[in-house]
Amino acid sequence: MDFKIQAAEMDGLAAVSADALVVVLAGDALPKGLDAAVAKQAQAAMKLGDFALKAGQTLTLLQPEGLKAQRLVLAAAGRTTLAAGKAALAAALGQLKSRGAVSAAVAFVGFAAELVESLAEQAALVGAEATYLYRHTKPSAPAAPKLAKLALLTPKADTKAARAGLARGEAIAAGITLARECANRPGNHATPTYLGEVVQTLGKTHGLKVEVLDKKAVEKLGMGSFLSVAQGSDEPLRFIVARYEGAPKTQAPVVLVGKGITFDSGGISLKPGAGMDEMKFDMGGAASVIGTLRAVAELKPKLNLVAVIAACENMPSGRAIKPGDVVTSMSGQTIEILNTDAEGRLILCDALTYVERFKPAVVVDVATLTGACVIALGGVRSGMYASDDELAAELSAAGEAALDPCWRLPLDDEYEEGLKSNFADVANVAGREGGSITAAKFLQRFAGKYRWGHLDIAGTAWKGGGAKGSTGRPVGLLTHFVLGKAR
Ligand code: BES
Ligand code: MN
Ligand code: ZN
Numbered sequence: 005m006d007f008k009i010q011a012a013e014m015d016g017l018a019a020v021s022a023d024a025l026v027v028v029l030a031g032d033a034l035p036k037g038l039d040a041a042v043a044k045q046a047q048a049a050m051k052l053g054d055f056a057l058k059a060g061q062t063l064t065l066l067q068p069e070g071l072k073a074q075r076l077v078l079a080a081a082g083r084t085t086l087a088a089g090k091a092a093l094a095a096a097l098g099q100l101k102s103r104g105a106v107s108a109a110v111a112f113v114g115f116a117a118e119l120v121e122s123l124a125e126q127a128a129l130v131g132a133e134a135t136y137l138y139r140h141t142k143p144s145a146p147a148a149p150k151l152a153k154l155a156l157l158t159p160k161a162d163t164k165a166a167r168a169g170l171a172r173g174e175a176i177a178a179g180i181t182l183a184r185e186c187a188n189r190p191g192n193h194a195t196p197t198y199l200g201e202v203v204q205t206l207g208k209t210h211g212l213k214v215e216v217l218d219k220k221a222v223e224k225l226g227m228g229s230f231l232s233v234a235q236g237s238d239e240p241l242r243f244i245v246a247r248y249e250g251a252p253k254t255q256a257p258v259v260l261v262g263k264g265i266t267f268d269s270g271g272i273s274l275k276p277g278a279g280m281d282e283m284k285f286d287m288g289g290a291a292s293v294i295g296t297l298r299a300v301a302e303l304k305p306k307l308n309l310v311a312v313i314a315a316c317e318n319m320p321s322g323r324a325i326k327p328g329d330v331v332t333s334m335s336g337q338t339i340e341i342l343n344t345d346a347e348g349r350l351i352l353c354d355a356l357t358y359v360e361r362f363k364p365a366v367v368v369d370v371a372t373l374t375g376a377c378v379i380a381l382g383g384v385r386s387g388m389y390a391s392d393d394e395l396a397a398e399l400s401a402a403g404e405a406a407l408d409p410c411w412r413l414p415l416d417d418e419y420e421e422g423l424k425s426n427f428a429d430v431a432n433v434a435g436r437e438g439g440s441i442t443a444a445k446f447l448q449r450f451a452g453k454y455r456w457g458h459l460d461i462a463g464t465a466w467k468g469g470g471a472k473g474s475t476g477r478p479v480g481l482l483t484h485f486v487l488g489k490a491r
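Counting from 5, one number per residue, gives the positions in the sequence shown under this note's numbering.
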């Protein structure tokens, strides 16, 4: 999708020539200052009962009288919020994309001036979302939709804000698309090796320093916990480190750590067969870190960012870890593996120890970590944990601003009780209760040397059912969070 800003006043929309003029209407009454010809069409449609100013309603008119555009698409937001504006545009583009229009000109009318930048950002996301189609292993997928150009109609006074929002949105959209593509590719395509190659390529195109470590190097580092998960699989592991340097080396970096289980069978603690295919999405954390890295590298903020990904498969085999096995993590802490399906924490703990070397300003890990988080928060908000209130507030605010929300869960020490082991310093699982929290408590033991945040994205990184696929979340949240660290 190709995006641009086009100068236009909201009372002059009739003069805009485009295949389709999309007018997103805020609120539950026709906004003041709306172009008279557009208002006339809307009023007529409302009178006939074909259109109402209610969230989700859209109406397409062909060659409407008094307008230059070939089509007029009215989209009601119902309210005046950013989220409502986004949803209305998504509904309109959903209609348009399978028709004949190549270019759309979009106007948001009746929204507060403070929302100009965020609306422009969201327009880029919606445009990219409407036209993304997975085809890597599906040659029969329909041809790309005709809709390929989106002009954001912007009053002169708002140009600067709209430009900034559009640039951020385009970068985030590219990051989301990359994350979705990585996560949607099946386990036999999106292997740890493949993830390493994706980051190498990103490094070349965006001038990043990239290191991809293999098993030998990981052994040298003493990552006994990560290695133990990988040992059941014939697919070689990768430990990926990429550095974006936008500030002097003396400035402490933001570090993102992603869970990159390219397939989670559960290992010897095998998962049930139904829906097991969805565990190809168990590298959603890694995918979102890669997507965020791309977005940040494109926007070039003044900060340092390190992206770290632990990638391997979790498979049963004669060499796989068994319930009861005890392994020694890079931190020196021993871990009793009571359930081989709690493998995400076993690879992340070593990554969390590894990143101490960067003397980070803050570390945020991202993982499709627990089914318990899906039960708690569903697919709306990611689970969020933070070592301090300020960090929690920053992550929350980033999620709200990006419309990629999260919700803080607690880290009381009482939740750690169940992780006690008679045979090791810590067990890798506690009981069923509070499963997302006990997983976070496990990770916290390895993240004591810096400010630390943790996102459990098991419910938000992908969708099941008919629309099965990766969402690209939480690239939006993470990009906003990282950009907030620029000086
Ligand atoms: N990758 C899964 C978590 C998951 C479950 C993500 C459902 C998305 C949807 C993780 O490795 C896992 O298997 N966790 C176990 C932990 C349990 C054994 C303590 C779980 O949640 O069942
Ligand atoms: Mn698992
Ligand atoms: Zn997993």
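Every residue, glycine too, gets a C-beta built ideally from N, C-alpha and C.
Check whether K304 and G226 have beta carbons under 8 Å apart: Cβ atoms of K304 and G226: not closer than 8 Å.
Beta-carbon proximity of D429 to F230, cut-off 8 Å: With respect to F230, D429 sits apart: the two C-beta atoms are not nearer than 8 Å.
Straight-line Cα distance separating I325 from L447: Going by the C-alpha atoms only, they are around 20 Å apart.
Touching by the beta-carbon criterion (3+ pairs, under 8 Å), the segment 476–484 and the segment 412–424: Contact between the segment 476–484 and the segment 412–424 is absent: fewer than 3 CB-CB pairs across the two stretches fall below 8 Å.
Alpha-carbon to alpha-carbon, A194 and H210: Approximately 21 Å between the Cα atoms of the pair.
Per DSSP, cross-strand counterpart(s) of V359: Beta-bridge pairing links V359 to no other residue.
Sequence-distant residues of the same chain with beta carbon closer than 7 Å to L274, five excluded per side: Cβ within range, chain order: P320.
Beta-carbon proximity list for R184, same chain, < 6 Å, skipping 5 on both sides: S474, G476.
Identity of the residues DSSP links to S107 by a beta bridge: Note: S107 sits in a beta bridge opposite K153.
Under 8 Å between C-beta atoms of A346 and D460: Not closer than 8 Å, so no.
Nearest-angstrom Cα separation, counted from L423 out to L399: Between L399 and L423, the C-alpha separation is close to 27 Å.
Nearest-angstrom Cα separation, counted from V366 out to G279: If I take the Cα positions, the gap works out to 36 Å.
Backbone CA spacing between T464 and F450 [nearest angstrom]: If you take the alpha carbons of T464 and F450, they lie about 25 Å apart.
Cβ-based neighbour list, E420, same chain, cut-off 7 Å, excluding 5 preceding and 5 following: The answer, listed in chain order, is K445.
Check: T374 C-beta below 7 Å from any heavy atom of the ligand BES: Checking every heavy atom of the ligand BES against the Cβ of T374, one is found closer than 7 Å.
The segment 149–169 in contact with the segment 245–265 per 3-pair CB rule at 8 Å: Contact fails: fewer than three Cβ-Cβ distances are below 8 Å.
beta-carbon A462 near the ligand BES non-hydrogen atom, thresh 7 Å: Checking the Cβ of A462 against the ligand BES gives yes.
Which of helix, strand or coil DSSP assigns to M388: Reduced to three states, the DSSP call for M388 is strand.
Distance, N188 Cα to K472 Cα: Computed Cα separation, rounded: 9 Å.
Straight-line Cα distance separating V233 from I341: CA-to-CA, the gap between I341 and V233 works out to about 10 Å.
Closer than 8 Å to chain D by CB, V330: The chain labelled as chain D is not found in the depicted structure, where only one protein chain is given.
F450, DSSP secondary structure in three states: Three-state result, F450: coil.
Distance cut-off 7 Å: N426 Cβ against heavy atoms of the ligand MN: The beta carbon of N426 sits no closer than 7 Å to any heavy atom of the ligand MN.
Residues passing the C-beta test against the ligand ZN heavy atoms, cut-off 5 Å: Those satisfying the condition are, in chain order, I265, D268, D286, G348.
Secondary structure, beta strand (DSSP E): runs of 3+ residues fully inside the segment 363–430: Correct list: 366–371, 386–390, 410–412.
Burial state of I379, where buried means 16 or more other Cβ atoms lie within 10 Å: Counting Cβ neighbours within 10 Å, I379 comes out exposed, since fewer than 16 surround it.
Environment of G200 [buried if 16+ CB atoms lie within 10 Å]: Result: buried.
Collapsed DSSP secondary structure at K101 in the structure displayed: If DSSP states are grouped into helix, strand and coil, K101 belongs with coil.
Assigned secondary structure, S21 (DSSP; H/G/I helix, E/B strand, else coil): Looking at S21 - three-state DSSP - the assignment turns out to be coil, as it is neither helix nor strand.
Candidates M5, V77, A11, Q126: closest to E404 by CA position: It is Q126.
Nearest to L307 (by Cα), restricted to the options G264, Q255, M334: Out of G264, Q255, M334, Q255 has the C-alpha closest to the C-alpha of L307.
Any non-hydrogen atom of the ligand BES closer than 7 Å to G236 Cβ: At a threshold of 7 Å, G236 does not count as near the ligand BES, since its beta carbon sits no closer than that to any of the ligand's heavy atoms.
Pair within 8 Å by beta-carbon distance, P196 and E239: Cβ distance < 8 Å, so P196 and E239 count as in contact.
C-alpha distance - V349 paired with G488, whole-angstrom precision: Note that residue 349 corresponds to Arg in the displayed sequence, not to Val. Whole-angstrom Cα-Cα distance: 28 Å.
Y198 - containing beta strand (DSSP E), residue span: According to the DSSP assignment, Y198 belongs to no beta strand (DSSP E) but to the alpha helix (DSSP H) extending over 196–210.
Outcome for E69 when other beta-carbon atoms lying within 10 angstroms are tallied against a minimum of 16: Flag for E69 reads exposed.
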